[in-house]
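Student: Residue numbers (the numbering used here), protein chains in the order written: chain A, 1 to 444; chain B, 1 to 407.
Each residue gets a CB set at the ideal place from its N, CA and C atoms; glycine is no exception.
These figures come from a predicted structure and were not determined experimentally.
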Amino acid sequence: MTCLAAIAAALGPGEQHYLSQARQMQALSFAAHIPLVCFGIAFPALLLYVESLYLRTGDELYRTLARRWSRIMAALFATGVVTGTILSFELGLLWPNFTGTFGGVFGLGFAIEGFSFFMEAIFIGIYLYGWNRLSPRAHFASGIPIAIAGFTGSLTVISVNGWMNHPTHFRYSNGRVVDAEPFGALFGNSYFWHELVHMYLAGYMVTGFVLAGAYAFGRLRGHWGRYERTALAIPLAVATLAAVAQPFIGDWAGREVAATQPTKLAAFEGLGKTTKGAPVHVLGWYTDGHVEYGIPLPRLLSLLAFHRVDATVQGLDAVAPDDRPPVNVVRYAFQTMVGSGTALALLSVVYLLARFRRKRLPESSWFYRAVAVAGPVAVVALLAGWVTTEVGRQPWVVYRVMRTSEAVTGASGIPVGYATLALVYLALAAGVAWVLLRLSRTPV
Amino acid sequence: MHLYDLPLWFALVGLALYTVLGGADFGAGFWQLVAGKGKQADEIRDEAHHAMAPVWEANHVWLIFIITVVWTAYPAAFGSIASTLSVPLFIAAIGIVMRGGAYALRAGTRTAAEQRRVDTVFAVSSVLTPFALGTVVGALATERVHIGNPGGSLWTSWLNPTSAVIGVLAVASGAYTSAVFLCGDAERHGEHALADRFRTRALGAGLAAGAVAIAGLVVLHFDGERIFRRLTGGAGLPGLIVSVVAGVGTLALVWRRRYEPARYAAALAVAATIAGWALAQNPVFLDGLTIRQAAAGHDTLVAVVVSTLAGAVLLFPALTLLFRLTLGGELRDTEGVPEGPGRYRGRALGSGRLDARLAVAFLLGGIGFLTIAEAGWAHGIGVACFFGFILSGYQAALPTDVLDGGE
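1) Quick check: is the beta carbon of residue 3 of chain B nearer than 8 angstroms to any beta carbon in chain A?
2) Please tell me whether residue 184 of chain B has its Cβ less than 8 angstroms away from any Cβ of chain A.
3) In this structure, how does DSSP classify residue 439 of chain A when only helix, strand and coil are distinguished?
4) So residue 389 of chain B and residue 362 of chain B are supposed to be a Cβ contact under 8 angstroms. How far apart are they, rounded?
5) Return no unless some Cβ of chain B is closer than 8 angstroms to the Cβ of residue 418 of chain A.
6) I'd like to know if residue 157 of chain B contacts chain A, where contact means its C-beta is closer than 8 angstroms to some C-beta of that chain.
7) Quick one: grab the DSSP three-state call for residue 5 of chain B.
8) Helix, strand or coil for residue 179 of chain A? Go by DSSP, reduced to three states.
9) Which residues in chain B have a C-beta closer than 7 angstroms to the C-beta of residue 115 of chain A? List them in chain order.
10) Sorted by chain position, which residues of the same chain lie with C-beta nearer than 8 angstroms to residue 161 of chain B's C-beta, five sequence neighbours on each side aside?
11) What does residue 112 of chain A touch in chain B if you count any residue whose Cβ is under 8 angstroms from its own?
12) Along chain E, in chain order, which residues have C-beta atoms closer than 9 angstroms to that of residue 359 of chain A?
13) Compile a chain-ordered list of the residues in the segment 183-212 of chain A whose CB is closer than 7 angstroms to at least one CB of chain B.
14) Ordered along the chain, which non-local residues of its own chain (more than five positions away) have a Cβ less than 6 angstroms from that of residue 290 of chain A?
15) Residues in the segment 93-107 of chain A with C-beta within 9 angstroms of chain B's C-beta atoms, listed in sequence order?
16) Could you say which of B:306, B:81, B:282 lies nearest to residue 158 of chain B if we only look at CA atoms?
17) Per DSSP, residue 173 of chain A forms a beta bridge with which residues?
18) Check the C-beta distance from residue 305 of chain A over to residue 254 of chain A and give it rounded, since I have them as a contact under 8 angstroms.
19) I need the boundaries of the alpha helix (DSSP H) containing residue 285 of chain B, first residue and last residue.
20) Please list, in chain order, the chain A residues whose beta carbon lies closer than 8 angstroms to that of residue 160 of chain B.
21) List the whole-angstrom C-beta distance separating residue 24 of chain B from residue 181 of chain B, where the pair is believed to meet the contact cut-off of C-beta under 8 angstroms.
22) Straight-line CA distance for residue 235 of chain A to residue 345 of chain A?
23) Among residues of its own chain, excluding the 5 on either side of residue 239 of chain A, which ones have a beta-carbon nearer than 7 angstroms to its beta-carbon?
24) Would you tell me roughly how many angstroms separate the C-alpha atoms of residue 427 of chain A and residue 219 of chain A, rounded to the nearest one?
25) Taking a contact to mean a Cβ-Cβ separation below 8 angstroms, would you say residue 407 of chain A touches residue 98 of chain A in this structure?
26) Start and end of the beta strand (DSSP E) containing residue 96 of chain A?
27) Could you check whether the Cβ of residue 431 of chain A sits closer than 8 angstroms to any Cβ belonging to chain B?
28) Is the shortest distance between the beta-carbon of residue 48 of chain B and the beta-carbons of chain A less than 8 angstroms?
29) How would you write the range of the alpha helix (DSSP H) that residue 396 of chain A sits in, first residue to last?
30) Using a Cβ-Cβ cut-off of less than 9 angstroms, give me the residues of the segment 367-382 of chain B that come near chain A, in sequence order.
31) Taking only the alpha-carbon atoms, compute the straight-line gap between residue 115 of chain A and residue 73 of chain A and give it to the nearest angstrom.
32) At which residues does the beta strand (DSSP E) containing residue 281 of chain A begin and terminate?
33) Helix, strand or coil, according to DSSP, for residue 319 of chain A in the structure here?
34) Using a Cβ-Cβ cutoff of less than 7 angstroms, which residues in the same chain neighbour residue 24 of chain A once the five nearest sequence positions on both sides are dropped?
35) Where does residue 196 of chain A land, buried or exposed, given buried means 16+ other C-beta within 10 angstroms?
36) Cutting at 7 angstroms between CB atoms, please list the residues of its own chain near residue 454 of chain A, excluding the five before and the five after it.
So, in C-alpha cells, the structure goes:
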C-alpha cells in the first residue's frame with residue numbers, strides 16, 4: 001500500500017496557470033469532433049437505405065446517389081478519425097491525473113470503442129473502394145458493419161460520459177481508485193441510457209437536416225430534378241421524425257438530471273434558491289441568485305422535473321459557491337438547445353402534416369429556406385446540448401469525486417498547444433469545406 | 001506470465017502491428033515526399049496513395065488501441081507518460097490531423113498540381129509523426145520518464161541521442177517496409193518498371209535502416225546502459241538476432257525479386273525489434289515503476305483481457321478480409337464490369353407502405369410510457385415506442401413523388 005500511496009502522491013495535481021485554456025482547448029476539440037460523430041451514427045444507415053433501393057429496383061439513380069454520398073462519408077470519416085485521435089491524446093495530454101487515476105474504471109469504454117473504430121475503418125475501406133469490383137450484394141453487405149459500429153462506438157464513448165456524470169462501481173480512498181468494476185461502471189449505470197438515446201437521435205437530426213439543407217439550398221438556386229428531390233427527401237424524412245421524438249427524449253433526460261444532478265438542473269434554469277413550485281424562465285440573465293428580465297412560467301419546472309406543480313426543486317444554494325457551474329453559460333446553452341430543438345420540431349410537424357395531406361414535397365420556397373437553415377441550427381443545438389451537460393457538470397470532471405482543476409496536466413505550454421491546434425483546425429475546416437464543395441460539383 | 005503483464009503484451013502486439021502496417025503507410029508518405037517531379041514521380045505518388053488508401057484508417061486504429069489499453073490497464077504510467085512527453089505526443093497528434101486532412105482533401109483534387117500540394121502535406125506529416133512517436137519510445141527505453149505530473153523534463157526526456165536515433169529509425173524502417181510492400185503491389189498489378197523503381201528504393205532504405213539501427217546500438221551503449229546490456233546479452237538478445245536475420249533476409253529476397261516472402265520477412269524484422277525492446281525493458285515500465293506496480297486492479301485487468309480477446313475474434317477475420325481484398329486488387333479504383341439491371345426484379349417501391357396510423361400509435365405509446373409513466377421499465381418501453389415511431393413512420397414520411405419516379 002505504501003507504493004500505491006507514493007504513486008498517488010507523485011501523480012497528484014500539477015501546477016497549472018492555464019486551466020481555462022486547457023478546458024477551452026478540450027472544448028474546441030469536442031466541438032470539431034461531435035458533428036462528425038453524428039455523420040458516423042446516421043450516414044451509413046442512410047447510405048444503406050439508398051443502396052437497398054438500388055438493389056430492389058435496379059434504378060441507377062439510387063446507385064449514383066449512394067456513390068456520391070459515400071465519397072462525402074469518406075471525407076467526413078477521415079476527418080472524424082483524426083479529430084477523434086486528438087481527443088484520445090488530449091485525455092492524457094491535458095488531463096493526465098484524470099486518466100492516471102480513473103483510467104482503470106472508465107478506460108475500458110474506450111478500449112472497446114477501439115474495436116468499433118476498427119470495424120468502421122476496415123469496412124469503410126472495403127465499402128468505399130469496392131464499388132466497382134464487388135458484387136452489388138457483397139458491396140451492400142460490407143456497409144452493414146459500418147452502420148453497426150457507428151452505433152456501438154458512440155454507445156461505449158457515451159457510457160464513459162455517463163460514468164463521469166454519475167460515477168459508481170469503485171471506491172476512492174487516498175487519491176487512488178480501489179475495487180473498480182469497469183463493466184458495472186460503464187454499462188450498469190442508470191444515468192447512461194437517456195444520454196445515449198438523446199445523442200443517437202441528435203445524430204440523425206444533424207445528418208438529416210445538414211444533408212437535406214444542402215439540397216434545399218440547391219433548390220433555391222434552381223437545381224431541382226428527380227435526383228435532387230430524392231436526395232433531399234430521404235434524409236429529411238428521417239430527420240423530421242427524429243426531431244419530433246427528440247423533445248420527449250430530452251424531457252426524460254431532464255428528469256434524470258433532476259434526480260441525479262440537482263445542481264446541474266438548477267444551473268439549466270438559473271434557480272438560485274431551493275423552491276417549492278419552481279418556475280421556468282425563458283431568456284433573461286442570471287445574477288445574484290435569480291433570473292432577471294426573463295419571462296416566468298410559474299410552477300413549470302416543478303411539473304416538468306417531478307410531475308407535480310408544487311414539488312420542491314433544489315436550488316444552487318444547496319451547494320457551496322465553489323461547487324456550482326458557471327450558471328449563465330449553462331443556462332444559455334440549455335436555452336439555445338431547447339429553442340433550436342423546438343424550432344426544428346415545429347418545422348418537422350409542418351413537413352409531416354404537409355406530406356400527410358398532399359403526399360408530395362411542399363412547393364413554397366419558404367419551406368426550402370427553412371430546411372436550408374435547419375442544417376446549421378441542428379449543429380448549433382447539438383453543440384449547445386453538449387455544452388449544457390459538460391459545463392453543467394463543472395467544477396467536476398468526475399462528478400463530486402475529482403475536480404477539473406485536480407485533473408489538469410502540470411506540463412507547461414498549454415497556450416502554445418491551444419493556438420497550434422486552433423490554427424490546424426481552422427485549416428482543416430477550410431479544407432473540409434473546400435472538398436465538400438468540390439465533391440458537390442463532381443459527377444460520378 | 002502474470003495477469004498484470006497480459007494487457008501490456010496485447011499493447012505490444014498492437015505496437016508491432018502499428019509499426020509494420022501503420023509504419024508502411026507512413027513510409028508510403030515518405031516516398032511521396034522524395035518522389036521529385038515529373039511523370040515518373042507522379043506514378044510513384046499515385047501507387048503509394050492507391051496502395052494505402054483503403055487500409056490506412058484501419059492501420060491507424062492500432063495506435064488508438066495501444067493508447068486505450070495502456071490507460072485502462074496501467075493508468076498511473078499512462079498519466080506520467082502523457083504529461084512528461086506531452087510535446088512529442090502533441091506533435092504526433094498534429095501530424096496525424098494533417099495526414100487525415102490531406103487524405104480527405106485528395107478526393108477533391110482535379111489537377112496534378114493540386115494533387116502534388118495535398119500529397120506534400122500528407123508526406124511531411126508522414127515523416128513528422130513516426131519521428132515524434134519514435135522519440136517517445138526512446139524516452140521510455142532510457143527510463144527518462146518517472147512517475148509524476150510531469151515526471152521528468154519536458155524537453156530532455158525526448159530530445160536526447162537515443163530518442164533522436166529511434167525517431168530516425170522509425171522513419172527509415174517505415175520507408176523500408178513500405179518500399180518492400182509497394183514492390184509486391186506494383187508487381188501484382190503487372191507494373192514491372194514501377195516495381196523495379198520501388199526495388200531500388202527498398203534496397204537503399206534497407207541499407208539505411210540497418211545503418212541507423214547499428215548507430216542506435218552504439219548510442220544505446222553510451223546513453224541507455226541497462227537496455228543496451230539486456231538487448232545485447234540478456235533477455236532481449238533473441239529479438240535482436242531475429243530482427244537482424246530477418247532484415248538481411250528481406251534485403252536478399254528483394255534483391256532476388258521475391259517480393260511476396262519479402263513482405264513477411266520485413267514485417268518479422270520490425271516485430272522482432274519491438275519484442276527485443278520489450279524483453280530487454282521488462283519488468284521496468286518507467287523509472288522507479290515496475291509493470292506490476294503500474295497495473296490497475298484485478299477486475300480491470302480481467303475486463304481488459306476479456307474485452308480484447310472478444311474484440312480480436314471479430315477483428316482478425318475482418319482484417320484478413322480487408323487485406324485479402326486489397327492484395328487481390330478488389331479495392332482498386334479501376335472500372336469493373338457494372339452489373340446489368342436485368343438481375344433486378346425491377347420491383348416498384350411504395351407498395352407495402354406501413355400505415356401512418358401505426359406511427360401515430362407508436363408516438364402516443366412513447367409519450368405515455370416515457371413522458372407520463374415514471375417506472376424505469378416503462379421508460380424502456382417508451383424509448384422502444386419512439387424508435388417504432390421513426391421506423392414505421394419512415395415510409396409514410398417519404399413523399400410519394402420521390403419513390404414513384406416523379407411525374
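Tutor: Answer, in terms of the structure:
1) Not one chain A Cβ lies under 8 angstroms of residue 3 of chain B.
2) So, not an interface residue.
3) Here residue 439 of chain A sits in helix by DSSP.
4) Confirmed, about 4 angstroms.
5) Not a single C-beta of chain B is nearer than 8 angstroms to the C-beta of residue 418 of chain A.
6) Taking CB atoms only, residue 157 of chain B has no neighbour in chain A less than 8 angstroms away.
7) DSSP places residue 5 of chain B in coil when its eight states are reduced to three.
8) The three-state reading of DSSP puts residue 179 of chain A in coil, since its state is none of H, G, I, E or B.
9) Correct list: 311, 314, 315.
10) Around residue 161 of chain B: 219, 222, 223.
11) Those within 8 angstroms of residue 112 of chain A in chain B are 307, 311.
12) Annotation note: the requested chain E is absent from the structure, which comprises protein chains A and B.
13) For the segment 183-212 of chain A, the set of residues with a beta-carbon nearer than 7 angstroms to any beta-carbon of chain B comprises 183, 197, in chain order.
14) Taking C-beta separations shorter than 6 angstroms and ignoring five residues to either side along the sequence, the partners of residue 290 of chain A in its chain run 272, following chain order.
15) Cβ contacts with chain B come from 93, 94, 95, 96, 97, 98, 99, 100, 101, 102, 103, 104, 105, 106, 107.
16) For residue 158 of chain B, the nearest C-alpha among the options comes from B:81.
17) Looking at the DSSP assignment, residue 173 of chain A forms a beta bridge with A:176.
18) Residue 305 of chain A to residue 254 of chain A, Cβ: 7 angstroms. Contact.
19) First-last for residue 285 of chain B: 284-286, but that is the beta strand (DSSP E), not the alpha helix (DSSP H).
20) Contact of residue 160 of chain B with chain A by beta-carbon distance below 8 angstroms is absent, the smallest such distance being about 17 angstroms.
21) Beta-carbon to beta-carbon, residue 24 of chain B and residue 181 of chain B are separated by about 5 angstroms, close enough to satisfy the 8 angstroms threshold.
22) Their backbone Cα atoms lie some 15 angstroms apart in a straight line.
23) Only 204, 205, 208, 209, 212 meet the Cβ criterion.
24) Roughly 29 angstroms between the two C-alpha positions.
25) Cβ distance < 8 angstroms, so residue 407 of chain A and residue 98 of chain A count as in contact.
26) Per DSSP, residue 96 of chain A lies in no beta strand (DSSP E); the unbroken alpha helix (DSSP H) holding it starts and ends at 96-129.
27) At least one CB of chain B lies nearer than 8 angstroms to the CB of residue 431 of chain A.
28) No, because no Cβ of chain A sits closer than 8 angstroms to the Cβ of residue 48 of chain B.
29) That residue, residue 396 of chain A, is in no alpha helix (DSSP H); its beta strand (DSSP E) goes 396-398.
30) Shown in chain order are the members of the segment 367-382 of chain B whose Cβ falls below 9 angstroms from a Cβ of chain A: 367, 370, 371, 372, 374, 376, 379, 380, 382.
31) Put simply, the backbone Cα of residue 115 of chain A is about 20 angstroms away from that of residue 73 of chain A.
32) Start and end: 280-282.
33) Correct three-state label for residue 319 of chain A: coil.
34) Cβ neighbours of residue 24 of chain A beyond the five flanking positions: 418.
35) Buried is the call here.
36) Past the edges of chain A, shown from 1 to 444, lies residue 454 of chain A, and the structure says nothing about it.
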